[in-house]
Amino acid sequence: MQDRYNEENHRHYRAEEKERSVSPDADALKEKLRLEKEVSKEYRALYFDKAKEYDALFQAYQATVTSFAWKMTKPLRASLDLAKRILKSNRATYLFCKGIKGILRDGPIYTWKRVKRKICQDKKNRDWSKYDEKELAMQRQYLFPRQIKFSILVPLYNTPEDFLKEMIASVQAQTYPNWELCLADGSDDEHPQVGTIVMQAAQKDERIQYRKLSKNLGISGNTNACIEMATGDYIALFDHDDILHPSALYENMRAICEKGADFIYTDEVIFERTTKNITATHFKPDFAIDNLRANNYICHFTVFQKSLLEKVGLFRSECDGSQDFDMVLRLTEQAQKIVHIPKPLYFWRSHPLSVASSLLAKPYVFESAKRAVRDHLDRVGLEGEVLDSAALSIYRVKYKIKGEPLISILIPNKDHVSDLRKCIVSIQEKTSYPNYEIIVIENNSEEEKTFQYYQFLEKQPNVRVVRWEGKFNYSAINN
Numbered sequence: 506m507q508d509r510y511n512e513e514n515h516r517h518y519r520a521e522e523k524e525r526s527v528s529p530d531a532d533a534l535k536e537k538l539r540l541e542k543e544v545s546k547e548y549r550a551l552y553f554d555k556a557k558e559y560d561a562l563f564q565a566y567q568a569t570v571t572s573f574a575w576k577m578t579k580p581l582r583a584s585l586d587l588a589k590r591i592l593k594s595n596r597a598t599y600l601f602c603k604g605i606k607g608i609l610r611d612g613p614i615y616t617w618k619r620v621k622r623k624i625c626q627d628k629k630n631r632d633w634s635k636y637d638e639k640e641l642a643m644q645r646q647y648l649f650p651r652q653i654k655f656s657i658l659v660p661l662y663n664t665p666e667d668f669l670k671e672m673i674a675s676v677q678a679q680t681y682p683n684w685e686l687c688l689a690d691g692s693d694d695e696h697p698q699v700g701t702i703v704m705q706a707a708q709k710d711e712r713i714q715y716r717k718l719s720k721n722l723g724i725s726g727n728t729n730a731c732i733e734m735a736t737g738d739y740i741a742l743f744d745h746d747d748i749l750h751p752s753a754l755y756e757n758m759r760a761i762c763e764k765g766a767d768f769i770y771t772d773e774v775i776f777e778r779t780t781k782n783i784t785a786t787h788f789k790p791d792f793a794i795d796n797l798r799a800n801n802y803i804c805h806f807t808v809f810q811k812s813l814l815e816k817v818g819l820f821r822s823e824c825d826g827s828q829d830f831d832m833v834l835r836l837t838e839q840a841q842k843i844v845h846i847p848k849p850l851y852f853w854r855s856h857p858l859s860v861a862s863s864l865l866a867k868p869y870v871f872e873s874a875k876r877a878v879r880d881h882l883d884r885v886g887l888e889g890e891v892l893d894s895a896a897l898s899i900y901r902v903k904y905k906i907k908g909e910p911l912i913s914i915l916i917p918n919k920d921h922v923s924d925l926r927k928c929i930v931s932i933q934e935k936t937s938y939p940n941y942e943i944i945v946i947e948n949n950s951e952e953e954k955t956f957q958y959y960q961f962l963e964k965q966p967n968v969r970v971v972r973w974e975g976k977f978n979y980s981a982i983n984n
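First residue of the sequence shown? That's 506 in the numbering used here, and the numbers climb one at a time after it.
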């Protein structure tokens, strides 16, 4: 009996020792598991609630579609659907009915503003596809102080015949004549017409350079093959299924000669089938590096000094799909004069396999783009994480803060003591970052309680009150 008692004591002691020997992390793990169980329980309860709601809605739906009234009104619903299809088949009638619907829903004034805005936008879109022949003739006669040669790089791969011919024709239509078209063809054996079309064009125009690759090297490898062919002073990137505005090179020459640009980009339009059918216009901002890190807004048409390639290197195959984005980031790191031409000089074709048609056409481009931005941050010495956002192809760069820099919070105020107090108290109670200051900008207050509160604020170490006596102007006050 005594042995059994001792054995029980030893077993109890060993259990206590084992429990004491467990690392402190075990307690944290237990707490984490407990919290996860609670969350899981909440999710299960939420799931069952939603399931009940779904069952109730489904039963109501079944009761509706099986009811006598629903069956009796079926001919009426079919007639209404047929009427809608007939109206939509006649565009004028459809637009008229749509306008009446808009007036009834939004009122005549708002509807007219929408119609007017739509008409203006459609007119602008049509205008981009129209060329002023007198202006183009003047450009052809204009003599620049320098004769710069552009090498237009176009990697080819199984390019549709009509797209290829239109692309070549748009280059030959340039009003500035000193260019060469470098075409590296990675098409497979089932598309020999690509080479045939290009060689026929090259026989008539010696500015067209063609090279048939032994195999498809991918978009980056094929573009690098184009670079090997290039003999120009400036490089222009051009896709094999797109179209250039006749003034594209002329406007780039102006930017080079007048502004000393070594990296240039233009606005662009998206079209379907023909350039008369423009579906979108991309008006871009001037160069902004933070904007560029979040989204390759530069895109087309990009022209840069060839000597920049000696500093940044060739296209990288690991960034295929976003190789242009990667190259733009590397080039703008080294460029001395970046110029934006605020004119749509590039026609980006939208078709089922193009990125212009749908970003989902090439889903791999997103990871390639994030890699390009991460590599860019490494090169410029910034620590940060590249994250997705709610919008495809838009990225968020979460920078790592170095040290604790001072954050200045500016709050303009005129006799809004209650709001000001709430604002400042919320900052002081909820802000975990310690190194900040609050600057209240007093603007023509009149109430005594406002100035009494200012006296209270000025006694606090990280709050200042400055005065600005001009007429209220939010931008001027903050500046």
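Just so it is clear, CB atoms sit at the ideal spot from N, CA and C, and this is done for glycine as well.
Predicted model only: the values in this text are computed from it and were never measured.
Counterpart residues of residue i in DSSP-defined beta bridges
i, result
"R854", "F776"
"V620", "Bridge partners of V620: none, in fact."
"W684", "F655"
"H787", "E773"
"P849", "D772"
"V844", "I769"
"A689", "P660 and R716"
"Q918", "Before going on, a small fix: residue 918 reads as Asn here, not Gln. DSSP, once it has assigned bridges, lists E947 as partnering N918."
Three-state secondary structure (DSSP) of residue i
i, result
"Y566", "helix"
"T807", "strand"
"S913", "strand"
"R712", "coil"
"R473", "Here the chain comprises residues numbered 506 to 984, so residue 473 is not present and cannot be evaluated."
"N663", "coil"
"V527", "A caution first: V527 carries a pLDDT of 48, below 50, which makes its placement in the model unreliable, though a value can still be read off. In the structure shown, V527 sits in coil (DSSP, three-state: anything other than H, G, I, E or B)."
"D825", "coil"
"S980", "helix"
"I614", "helix"
"I608", "helix"
"A583", "helix"
"K781", "strand"
"N801", "coil"
"D694", "coil"
"L897", "coil"
"K907", "coil"
"A550", "helix"
"K635", "coil"
"Y938", "coil"
"F649", "coil"
"F830", "helix"
"L706", "The amino acid at residue 706 is misidentified as Leu; the sequence shows Ala. Note: A706 maps to helix in three-state DSSP."
"A556", "helix"
Endpoints, beta strand (DSSP E) assigned at residue i
i, result
"D893", "G889 to D893"
"V945", "Y941 to E947"
"Y959", "No beta strand (DSSP E) contains Y959, which is instead part of the alpha helix (DSSP H) from E953 to E963."
"E639", "A small correction: the amino acid at residue 639 is Lys; Glu does not occupy that position in the sequence shown. Per DSSP, K639 belongs to no beta strand (DSSP E); it is in the alpha helix (DSSP H), E638 to Q646."
"T903", "The sequence given here has Lys at residue 903, not Thr. From DSSP, the beta strand (DSSP E) with K903 extends over Y900 to Y904."
The alpha helix (DSSP H) enclosing residue i, as first and last residue numbers
i, result
"L925", "V922 to K935"
"V676", "E666 to Q677"
"R879", "V870 to R884"
"F573", "F573 to M577"
"E974", "Run containing E974: none; DSSP gives neither H nor E here."
"K816", "L814 to V817"
Residue i beta carbon near the ligand MG (any heavy atom closer than 8 Å)
i, result
"I673", "Ligands displayed in this structure: none; no statement on the ligand MG is therefore possible."
Residue-chain proximity (residue i, chain D), Cβ-Cβ < 9 Å
i, result
"D637", "Here chain D cannot be found, since the structure has a single protein chain."
Cβ pair count under 8 Å reaching 3, the segment 677-692 against the segment 705-722
The segment 677-692 makes contact with the segment 705-722, as at least three CB pairs between them are under 8 Å.
**Message:** In chain order, what are the residue ranges of uninterrupted alpha helix (DSSP H) at least 4 long that sit wholly in the segment 714-765?
**Reply:** If we require 4 residues or more, the alpha helix (DSSP H) runs fully inside the segment 714-765 come out as 723-734 and 753-764.
Problem set entry | Inter-stretch contact (C-beta, 8 Å, three-pair minimum) for the segment 669-676 and the segment 698-712 | Yes: at least three Cβ pairs fall under 8 Å.
Inset, instruction - Decide yes or no for the touch test of the segment 793-806 against the segment 841-853: beta carbon pairs closer than 8 Å, at least 3 of them. - result: The answer is yes - the segment 841-853 touches the segment 793-806, with three or more Cβ pairs under 8 Å.
With contact counted as at least three CB pairs below 8 Å, one residue from each stretch, are the segment 966-973 and the segment 936-951 in contact? A contact exists between the segment 966-973 and the segment 936-951.
* To do: Decide if the segment 814-825 is in contact with the segment 776-789; the criterion is three or more beta carbon pairs, one per stretch, under 8 Å apart.
  => For the pair of segments examined, the segment 814-825 was found not to touch the segment 776-789: the number of CB pairs separated by less than 8 Å stays below three.
For the segment 841-848 against the segment 754-773, do three or more pairs of beta-carbon atoms, one drawn from each stretch, fall closer than 8 Å, so that the two count as touching? Proximity of the segment 841-848 to the segment 754-773 meets the contact definition, three or more beta-carbon pairs being nearer than 8 Å.
Check: Would you call the segment 927-934 and the segment 893-901 in contact, with 3 or more CB pairs under 8 Å?
Finding: With a cut-off of 8 Å, the segment 893-901 and the segment 927-934 do not count as touching, because too few Cβ pairs lie within range.
| Can we say the segment 641-654 touches the segment 603-621, given the rule of at least three CB pairs closer than 8 Å? | Touching, no.
message: Between the segment 882-895 and the segment 914-933, can you find at least three pairs of beta-carbon atoms closer than 8 Å?
response: By the Cβ criterion, the segment 914-933 is not in contact with the segment 882-895, since fewer than three pairs of Cβ atoms, one from each stretch, lie closer than 8 Å.
Do the segment 728-744 and the segment 648-660 meet, that is, are 3 or more Cβ pairs less than 8 Å apart? For the pair of segments examined, the segment 728-744 was found to touch the segment 648-660: the number of CB pairs separated by less than 8 Å reaches three.
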